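Residue numbers are given in numbering that gives the first Met the number 0: position 120 of the sequence shown equals residue 119, and the series is strictly consecutive. For each residue, glycine too, the CB sits at the ideal point set by N, CA and C. Owing to the predicted nature of the structure, the values given are computational and were not obtained by experimental measurement. Encoded as structure tokens, the structure appears first; notes follow it.
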Amino acid sequence: MIEILTRTQLTRAKATGALVADILHTLKSRSVPGTNLLEIDRWAKEMIVEAGAQSCYVDYAPSFGRGPFGHYICTAVNDAVLHGRPHDYTLADGDLLTLDLAVLLDGVAADAAISFLVGDAKPPESVALISATERALAAGIAAAGPGARIGDISHAIGTVLSEAGYPVNTEFGGHGIGSTMHQDPHVANRGRPGRGYTLRPGLLLALEPWIMADTDELVTDQDGWTLRSATGCRTAHSEHTIAITDDGAEILTLPRHAQP
0 MIEILTRTQL TRAKATGALV ADILHTLKSR SVPGTNLLEI DRWAKEMIVE AGAQSCYVDY
60 APSFGRGPFG HYICTAVNDA VLHGRPHDYT LADGDLLTLD LAVLLDGVAA DAAISFLVGD
120 AKPPESVALI SATERALAAG IAAAGPGARI GDISHAIGTV LSEAGYPVNT EFGGHGIGST
180 MHQDPHVANR GRPGRGYTLR PGLLLALEPW IMADTDELVT DQDGWTLRSA TGCRTAHSEH
240 TIAITDDGAE ILTLPRHAQP
């Protein structure tokens, strides 16, 4: 299903996006060496419930997972990149942490992810990974607008990632979003320009470039959810929810203090 939102729904989407971004910003500030992933999940739950919102993850049970996800946020560390299930792990200085959060508020969902280094250690290869996903995300957003094609976005993202020297997996990528978290169209992180669905005002997309340092192959953790790099290399993931407007694309998942 491809959903085109009304003006009223778009207003709600902006509120949901701001909530997601604010929660991620707060969790990033709290994620220091010694923080447990289960603490992060608990904090996410508290902030979601306090806002009168619902987690898109707790009851999430797609075909590729093992039963309901059962947690409020995805926490992926180092070689984990997608669907990181919170568990009893204490963060250490230099860990590369990805937080991925999707929330439903007033009937509209928003989805975003950030990768960052915990503590003071800044390994150059990890900094480069994160930077590549952020630049690819910016390129994808710049390629989005009314009349553009999904392939234009995929091509823009894939070009940045490939030119940075990283393999690109197309099994998981961006997606439509609206009254539910995952909708059509699929937005691969590599593609051909001029192909695919034509973007229309009112369409919401969650764009999410993610990479692994030296492989495009994923393996599933024993928890049945967490996806890791097949080689054990580090990974990074950046995501925003955007709305296609009459003259471009608007990022909905910016923290309120960062919004114009």
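Is the CB-CB distance between residue i and residue j below 8 Å?
i	j	result
valine 102	alanine 163	no
alanine 50	leucine 26	no
leucine 100	leucine 23	yes
glycine 175	isoleucine 156	no
glycine 195	isoleucine 149	yes
threonine 230	threonine 214	yes
threonine 202	isoleucine 3	Note on identity: in this sequence residue 202 is leucine, with threonine being the wrong assignment. Yes.
alanine 17	arginine 227	no
valine 107	threonine 15	yes
threonine 34	alanine 235	no
serine 237	asparagine 188	no
alanine 131	tyrosine 165	yes
valine 186	alanine 111	no
aspartate 151	proline 192	yes
leucine 251	alanine 12	yes
aspartate 40	threonine 74	yes
Could you check where the beta strand (DSSP E) with residue i kicks off and where it finishes?
i	result
isoleucine 210	209-211
alanine 205	203-206
leucine 4	That residue, leucine 4, is in no beta strand (DSSP E); it is neither H nor E in DSSP.
valine 218	217-219
leucine 226	226-228
isoleucine 243	239-243
aspartate 183	182-186
valine 80	79-81
valine 76	73-76
glycine 173	173-175
Smallest Cα separation from residue i: which of the options?
i	options	result
phenylalanine 115	Leu95, His70, Leu204	Leu95
glutamate 38	Val80, Ile47, Ile1, Thr89	Thr89
arginine 84	Thr97, His70, Pro145	His70
alanine 242	Arg199, Ile72, Asp220, Ala212	Arg199
cysteine 232	Ala79, Gly16, Asp40	Ala79
tyrosine 59	Gly247, Trp224, Ala20, Arg41	Trp224
glycine 173	Ala109, Thr34, Asp21	Ala109
glycine 190	Ile113, Leu160, Leu217, Ala91	Leu160
leucine 104	Pro192, Val48, Asp245, Gly146	Val48
alanine 91	Leu81, Lys121, Lys13	Lys121
glycine 93	Val107, Leu217, Ser30, Gly144	Ser30
glutamate 245	Ala137, Pro145, Ala12	The amino acid occupying residue 245 in the given sequence is aspartate; glutamate does not appear at that position. Aspartate 245 has its Cα closest to that of Pro145, out of Ala137, Pro145, Ala12.
threonine 179	Met46, Ser54, Ser130, Val76	Ser54
isoleucine 113	Glu124, Asp119, Arg134, Pro123	Arg134
leucine 217	Asn77, His181, Glu170, Ala143	Glu170
threonine 197	Ala142, Asp87, Gln221, Ile250	Ala142
methionine 0	His86, Gln182, Ala248	Gln182
proline 123	Ala212, Thr10, Leu9	Ala212
valine 76	Val126, Val117, Ala147	Val117
aspartate 220	Ser28, His82, Tyr56	His82
aspartate 222	Thr10, Asp87, Thr7	Asp87
methionine 46	Glu249, Asp21, Leu253, Leu36	Asp21
proline 32	Asp119, Ala147, Leu253, Thr7	Asp119
alanine 266	Gly247, Asn168, Pro61, Val57	Limits of the chain in this structure are 0 at one end and 259 at the other, which puts residue 266 out of reach.
Need the endpoints of the alpha helix (DSSP H) that residue i sits in, please.
i	result
aspartate 40	36-49
alanine 248	Premise fails: alanine 248 lies in the beta strand (DSSP E), 248-250, not in any alpha helix (DSSP H).
aspartate 92	Taken as a continuous stretch (DSSP letters only), aspartate 92 belongs to no alpha helix (DSSP H), as it is neither H nor E.
Consider the C-beta atom of residue i and the heavy atoms of the ligand SAH; say whether any pair is separated by less than 7 Å.
i	result
lysine 121	Looking for the ligand SAH in the displayed structure turns up nothing, as the structure carries no ligands at all.
Handout entry: Sufficient close CB pairs (3 or more, under 8 Å) joining the segment 61-70 to the segment 207-214
Key = no
Exercise for the section: Quick one: which unbroken beta strand (DSSP E) runs of 3-plus residues sit fully inside the segment 94-161? Chain order, please. Expected result: 95-104, 107-116
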